[in-house]
Amino acid sequence: MRILIIVMAALAGACTADVDGAAAPGDGYILEVRASAAEQTYLITTPDGRVVGARAAEGASALMNDDRARALASDPPPQGELPPEVMSLRLGGFEMNINAEEDDAGGDSGRVAISLGGDDRNIVVNADEGGPGEADDRAYVRITGVDVATVRDFIQDAEELSPEVKAEMLAELGLAAAQ
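Going by the working numbering, the sequence shown opens with residue -10, and the numbers climb by one from there.
Printed below as a string of structure tokens:
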């Protein structure tokens, strides 16, 4: 399923984030992906609060204007009722919660929340299979507390964005040249 692939790619990209305390809490970037079968939206919030966004749909992609990106970043993701918690794991500096319907083992709907090293380093993945087919499937991924290298990887790994839009995003973030 296309959305599940996007969600897993974003989650894998987040795992490279520095979690050893080298960055002060609150200094990291926030990465978001909102995806449906029809379109994907990528949002990056900088430590100083600027938001850069891009949208891809039907084989085309474009950078969002500043106002639209800020408005979308401030909108909470669409959420239905949270399924029951099926697993929770807490270790020193690590917490993971998984919510899903236990009787829907083959389904692709659920929520995974991971906290790494404190409140500022979190990954939240919401996947909603919707009904039959992929037309109403959607996913939301939010990764907080990531470093510049992870932001660059996130943009470069966004397969739905054109190379030109990727370059525009990096330039808007002041990351166009290797730093």
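By construction, the Cβ of each residue, glycine as well, lies at the ideal position given by its N, Cα and C atoms. Keep in mind that this is a model prediction, so the values were computed, not measured.
Local conformation of residue i per DSSP, three classes
{"i": "residue 116", "result": "strand"}
{"i": "residue 90", "result": "coil"}
{"i": "residue 20", "result": "strand"}
{"i": "residue 128", "result": "strand"}
{"i": "residue 148", "result": "coil"}
{"i": "residue 141", "result": "helix"}
{"i": "residue 159", "result": "helix"}
{"i": "residue 14", "result": "Only weak support exists for where residue 14 lies, its pLDDT of 40 falling under 50; the value from the coordinates is given anyway. Residue 14 falls in the coil class under three-state DSSP."}
Minimum Cβ-Cβ distance from residue i to chain C less than 8 Å
{"i": "residue 79", "result": "In summary, chain C is missing from the structure at hand, where a single protein chain is found."}
Outcome for residue i when other beta-carbon atoms lying within 10 angstroms are tallied against a minimum of 16
{"i": "residue 38", "result": "exposed"}
{"i": "residue 44", "result": "buried"}
{"i": "residue 160", "result": "exposed"}
{"i": "residue 157", "result": "buried"}
{"i": "residue 24", "result": "buried"}
{"i": "residue 143", "result": "buried"}
{"i": "residue 152", "result": "exposed"}
Within 8 Å, strictly: CB atoms of residue i and residue j
{"i": "residue 21", "j": "residue 62", "result": "yes"}
{"i": "residue 42", "j": "residue 133", "result": "no"}
{"i": "residue 52", "j": "residue 40", "result": "no"}
{"i": "residue 154", "j": "residue 131", "result": "no"}
{"i": "residue 126", "j": "residue 26", "result": "yes"}
{"i": "residue 111", "j": "residue 66", "result": "no"}
{"i": "residue 164", "j": "residue 135", "result": "no"}
Same chain, Cβ closer than 6 Å to residue i, five either side skipped, listed in chain order
{"i": "residue 30", "result": "23, 44"}
{"i": "residue 87", "result": "75, 76, 101"}
Neighbourhood of residue i by C-beta distance below 7 Å, restricted to the same chain and skipping five residues each side
{"i": "residue 73", "result": "88"}
Item checked: Within the segment 34 to 67, ranges of the beta strand (DSSP E) (whole runs, at least 3 residues) -> 40 to 46, 49 to 52
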